[in-house]
Every structure is written in structure tokens, then in C-alpha cells.
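Peer 1: Heads up, the sequence shown is in our numbering, so the first residue is 7 and it goes up one at a time.
All C-beta atoms, glycine included, are put in the ideal place defined by N, C-alpha and C.
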Amino acid sequence: MQDDPRLLQGGFALLVLLEVALRVPTGSPTWLSWPAAGLVLLVVVTLATVLAPRPGTRGPYVAVALADLTRLTPEGSAAAILSVLPVLWLARHLGRGGAWAGGAAALLLVSGPGLAYAGAGGPDLARAVLPPVVAVTAGLLVASGVRRAERERAEATRRGHDLAAALDTIAHQRRTAEAILDTVDVGLLLLDEQGRYVGRNKRHEDFMALAFPDGHHGVAGQLGQVRHADASTVMERGEMPTHRARLGEEFDDIRIWVGQGVERRALSVSARSIRDDSGRQTGSGLAYKDVTDFMEAMEVKDAFVAAVSHELRTPLTSIVGYLAVLLEREDLPEQAVRHLQVADRNAHRLERLVADLLSTAVADASPTAVQRTTVDLAALVREQVEAARPVAAARHVELQVCADGEQAAYVDGQRVRQVVDNLLSNALKHTPAGGRVRVELVPGDDEVEVCVSDTCPGIDPVEREQVFGRFFRTRAARDQVLPGVGLGLAITRDIVAAHAGRIELDDAPGGGLRARVLLPRGGGAVGSGA
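#1: At which residue ranges does the stretch 153–198 contain complete beta strand (DSSP E) runs of 3 or more residues, listed in the order of the chain?
#2: Hey, could you find the ends of the beta strand (DSSP E) Gln-406 is sitting in?
#3: Where does the unbroken alpha helix (DSSP H) through Asp-212 begin, and where does it stop?
#4: Straight-line CA distance for Glu-412 to Ile-465?
#5: So, with DSSP's three-state summary, where would you put Thr-79?
#6: Arg-355 to Ala-361, Cα distance in whole Å?
#7: Going by C-alpha distance, which of Asp-168, Gly-101 and Ser-276 is nearest Asp-258?
#8: Would Tyr-416 and Arg-378 be called neighbours here (beta carbons separated by less than 8 Å)?
#9: Along the chain, where does the beta strand (DSSP E) that runs through Val-275 open and close?
#10: Helix, strand or coil for Gly-289? Go by DSSP, reduced to three states.
#11: Using DSSP bridges, identify the partner residues of Thr-379.
#12: Measuring CA to CA, which of Gly-285, Asp-410, Arg-233 and Arg-243 is closest to Val-225?
#13: Rounding to the nearest angstrom, what Cα-Cα distance links Ala-149 and Arg-102 in this structure?
#14: Using only alpha-carbon positions, find the residue among Ser-290, Ala-303, Ala-353 and Leu-332 that is nearest to Thr-320.
#15: Return the bridge partner residues of Val-135 from the DSSP annotation.
#16: Going by other Cβ atoms of all chains shown within 10 Å of its Cβ, with 16 needed for buried, is Pro-5 buried or exposed?
#17: Which stretch, first to last residue, makes up the beta strand (DSSP E) that contains Leu-525?
#18: Taking Ala-503 and Val-376 to be in contact with their CB atoms under 8 Å, please state how far apart those CB atoms are, rounded to whole angstroms.
#19: Which ranges does the beta strand (DSSP E) cover as unbroken runs of at least 3 residues, wholly within the stretch 285–342, from first to last along the chain?
#20: Between Val-417 and chain B, is there a C-beta pair that is closer than 8 Å?
#21: Near Thr-288, which residues of its chain fall below 6 Å by C-beta distance, leaving aside the five closest residues on each side in sequence?
#22: Rounded to the nearest angstrom, what separates Arg-508 and Arg-444 at their Cα positions?
#23: From which residue to which residue does the beta strand (DSSP E) around Asp-512 run?
#24: Are three or more beta carbon pairs between the stretch 422–437 and the stretch 389–403 nearer than 8 Å?
#25: What is the DSSP secondary structure of Arg-202, reduced to helix, strand or coil?
#26: Am I right that Ser-284 and Ala-251 are in contact with their C-beta atoms under 8 Å? What's the rounded C-beta distance?
#27: Quick one: using the 10 Å Cβ neighbour count with 16 as the cut-off for buried, is Ala-393 buried or exposed?
#28: Have a look at Asp-512 and Val-204 and give me their C-alpha separation to the nearest angstrom.
#29: Decide if Ala-155 is buried, meaning its Cβ has at least 16 other Cβ atoms within 10 Å, or exposed.
#30: So the candidates are Ala-506, Leu-196 and Ala-521; which of them puts its Cα closest to the Cα of Gly-494?
#31: Answer with buried or exposed for Gly-518, where buried requires no fewer than 16 other C-beta atoms within 10 angstroms of its C-beta.
#32: Check the DSSP bridge columns for Ser-459 and list the partner residues they point to.
#33: Strictly by DSSP, which residues pair up with Arg-261?
#34: Compute the distance between the beta-carbons of Arg-563 and Val-425, then report whether it is under 8 Å.
#35: So, is Ser-324 buried or exposed, given that buried needs 16 or more other C-beta atoms within 10 angstroms?
#36: Can you list, in chain order, the residues of its chain with a C-beta nearer than 7 Å to that of Leu-405? Leave out the 5 residues immediately preceding and following it.
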């Protein structure tokens, strides 16, 4: 907002009028008489005050002229110093140019006529020159200060606008992020380094309402209606996904059940740590995906597979039994015997497939059960290799074994036999004619390693992560139309996990694949590989 120039100019004119009024009664001579001077001053003040433009540039020049009216006396006038005020006004509104212009006006209208009237000698010269010099100096200082103040004000205004724009942008981004987070069909949770809840979306709040009907304290690890994947075992505090994430653990697809009754939901939980530049954990992010439909579909699938397996097992047992009786007869033609042998092999293959399906359904419903006894693993491996030699010979694959001596372990012999048989069958199935399959038993102090390596073309690294999944078959197996439904390695994994062991698949020395099964000698905690 600009200042009104008429106020200052009117006040200045009154000061000049006061100076004239004080001089007339004392008899100080002027070139105007008191009535004439008063009339002239009244007219000039009126014009300067009323007609001064905004922000005012002509008024100060008129004021300088007014100061000169009283300057034209032999002894001079103190009102001449009042010419400084108009110069300051010009400097205030026009900057340094106004200060120099006002000084020039003061020199022309005040000092010039005064020197012409009183002469340029002695003290009159100083009295005539000093007011314009003071006026210009003060005007330049005022102009500099005004310029600096305006620059600071402009900078402050710009910063204020930038800050307001930044705050508007942040608020818009926050609203956008909240809208996106509330739109996705995944529960999202953010924890700080102390495990406190610092952010969550609407979807996660719905899950929390099911898991914690009595309310949540906003801290990781609180117990509620949260159960394991079996939907019956209640989770302890140390098993809660939020507690594990707070401790820095990262995981994928941990399945839990929340809620009760018809409203309960199955969730798949994944977690990732948040770290600063130095690697220190500053929080964790968790994602909760609703997999209820998937889990229920799996239960229906397992129930169907189990029912079909049970229904198929009875007639298959009868077929295998009658084929065995027929093959024992010695009066059958040779061609009939060959046909019966083909039927017998395929009946046994179908029987193994049904057994695998049933084993898979049982493993999904409960942990794989093992019955441990002391078993000579070396003898077990040799027996399985000898049983597989006819298949290897038919495929023209060299079969080697290295399992000397006796290696005792406290395991389920029947289950381990199934592991070795599955690995051998898988290796023979994928190894081309002229290749080699080697089975080796590597003893250790606390565990025993069963290693099955082959010379197959290999498996794509992406598929290698999925070979232990149920019903998964590699692209090569599908392209070559190899028999099987993709259950052998999944069952093998469950059996090994039930023995508290581990199974690994990597590249074999010299090419091909190598499956390594490591089993504790003295056994371990019984669990499921699921």
C-alpha cells in the first residue's frame, strides 16, 4: 500500500508557513510582505496538497520551491534546511534517481537564488551549498535502505509463495497417496524402529478389526485372534508377523488366519525392512493379501484328491493282485505274458500315482508323519540303485553308486527309501540316452548327505525355484511329454523337512543337475515341509 503524499506535503507546507510567520513579527526583511507571502503560501500549499499525484513526484519539487520563498533574504533562512525533506520523499519513491533529482532541484531552487541574492562569499556559500549536499546524502542512504528493504520483502514474499506452493504440493501428494493406498486390495502397514504403527491403509484396518476385536494398542506383537495356516493353532507373540518384522526379519507368503466364524479370513503376509544410508533399520513395511478363496479352493482340491485316491486304490489293488496271479501261471502263451507284463507295469505306475496324490492331500492337511528307527542308509541306497538298474538299462543310461560300508541314522526307512526312489526316477527320466546318473552317500559327523547327480541338459534358473512345488512340471518335461504330474519332488521335500533336514538343487560338476539331501543322523524336530 502506497503512502498518501498529500499528508507529508501539507505538513511540510505548514512548516514553511510557520517559519515565515515567525520571521515577519521580528522585522526580518523578506522580498514579500506578510500578507502577500501568506497569500502566496496559501495558494501554493493548496495546489501542492490537492493536486499531488500518487505516489507523488511533483509535490516534493513544489515543496523545494516553497523553501526557497523564505531563503531570499540577506541573512538567509533556517527554512532552507527543510529542502532535505522533499529530497527524502523523492528518494523513498524513486530511489537513487529521485535523490539526485531532488538534490539538483534544491541546488537550483534554493542554493542558486540564494547565492545570486546574497553573494558567494564567506559563510553564505556554506549556508547555500550545505543543504543540498545533506539532502542528497540522506536521500542516497534512504534510497539504499528502501531498495534493500524492498528486496528483502520481495525475497520473503517469494519464499512465502514457494513455501505455500510446497505445502500445497505436499498436501496434494499426501491426499493422492492416501487415495491410492485405500484403493488397493492389499493391507499395508508401516512400523517404526520401536515397532509402533505409524501408517496403515483402510484395508489393513479391516483386517485389524477381525484380528483384534477388542482394539489394538498400535504396537507390534499384540496377541489376538490370529492363527497359523492350519486355522487352529493360535500364534504366540514371537510368531506374529509384526513382531518378526520389528526384529528385522524379511519374509514372503506367511499364511495366517484372522477372525472367527464365517467372517474369518486367510492372509498371506510379506515383510521388508526399511534402512537408512548406514544400513541401520529404521522401520518395516508389511503387506497383507487376502487369500481366503485360494485357501478354501486348496482345501476343496485336497478333499477331492483324497476322495478320488481312496476310490481308485481299491480297484487298483484288485487289478494288481489278479495280474500277479495271472503272471504266475506257466501255461500262458508268450505273447499273452508280454501283454500282461505291460498291464502290470502300468497298473503299478497308476498305483504309485494314486499313492502320491493321497500323500499330497494328507501332507496339506497335517504334517508328514515319520516313524523313526535305526536304518543303514548305505544299504538302503544300494538297494534302491539296484532296483532302478532295469529302468536305466532300458533308457541306455549309466547308473553309478558310491555308498560303501555302513552308515546308521535314526530315520523313517520307508520314507527315506521313497526320497531316494523319487530322486533316482527324476534323474533317469530327464537324462538322455548315453548319459550318466550317479548316487553318492557322503557321511558326516552330525548328518548324512545323499547326492544324486545326472547329465541332463539342466533347468532354467527361474524354474529351479519352483520345482519343489506341487504339480509343477518344467518346460522341458512338457515339451518331451515325459510321464508324471509334478508331485515327486514336492513329496520328497515334505519327507526331508519332516526329518528336520534340507534338500538343495544346484549344478552338477561337469554339467547337469545335482540334488543334495542332508539328513540328521540322530533325527530332529518333526515338522512339515509345507
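Peer 2: The relevant details are as follows:
#1: 192–198
#2: 404–408
#3: 208–217
#4: Cα-Cα distance, rounded: 34 Å.
#5: Any reading at Thr-79 must be qualified, since the residue scores a pLDDT of 47, below 50, and its modelled position is unreliable; no value is offered.
#6: 10 Å
#7: Ser-276
#8: Note that the C-beta distance between Tyr-416 and Arg-378 is below 8 Å.
#9: From DSSP, the beta strand (DSSP E) with Val-275 extends over 271–281.
#10: strand
#11: Thr-379 is bridged to Val-417.
#12: Arg-243
#13: If you draw a straight line from the Cα of Ala-149 to the Cα of Arg-102, it comes to about 5 Å.
#14: Ala-353
#15: None; Val-135 has no bridge partner.
#16: Examination of residue 5 is not possible in this model, given that the chain is present from 7 through 536 alone.
#17: 519–526
#18: Not confirmed; about 10 Å, so no contact.
#19: Within the stretch 285–342, the complete beta strand (DSSP E) runs of at least 3 residues are 287–296.
#20: This model lacks chain B altogether, as it is built from one protein chain only.
#21: Glu-199, Ile-280 and Asp-282
#22: Between Arg-508 and Arg-444, the C-alpha separation is close to 20 Å.
#23: 508–513
#24: The stretch 422–437, when compared against the stretch 389–403, does touch it at the 8 Å Cβ threshold.
#25: strand
#26: Not confirmed; about 20 Å, so no contact.
#27: Within 10 angstroms of the beta-carbon of Ala-393 lie fewer than 16 other beta-carbons, which makes it exposed.
#28: Rounded to whole angstroms, Asp-512 to Val-204 spans 42 Å at the Cα level.
#29: So Ala-155 ends up on the exposed side.
#30: Closest in C-alpha terms to Gly-494, from the list Ala-506, Leu-196 and Ala-521, comes Ala-521.
#31: buried
#32: Arg-444 and Arg-520
#33: Ser-274
#34: Outside the displayed span of the chain (7 to 536) sits residue 563, for which this structure offers no information.
#35: exposed
#36: Spatial neighbours of Leu-405 in its own chain (CB-CB distance under 7 Å, excluding positions within 5 residues in sequence) are listed in chain order as Val-391, Ala-394, Arg-395, Ala-398 and Val-443.
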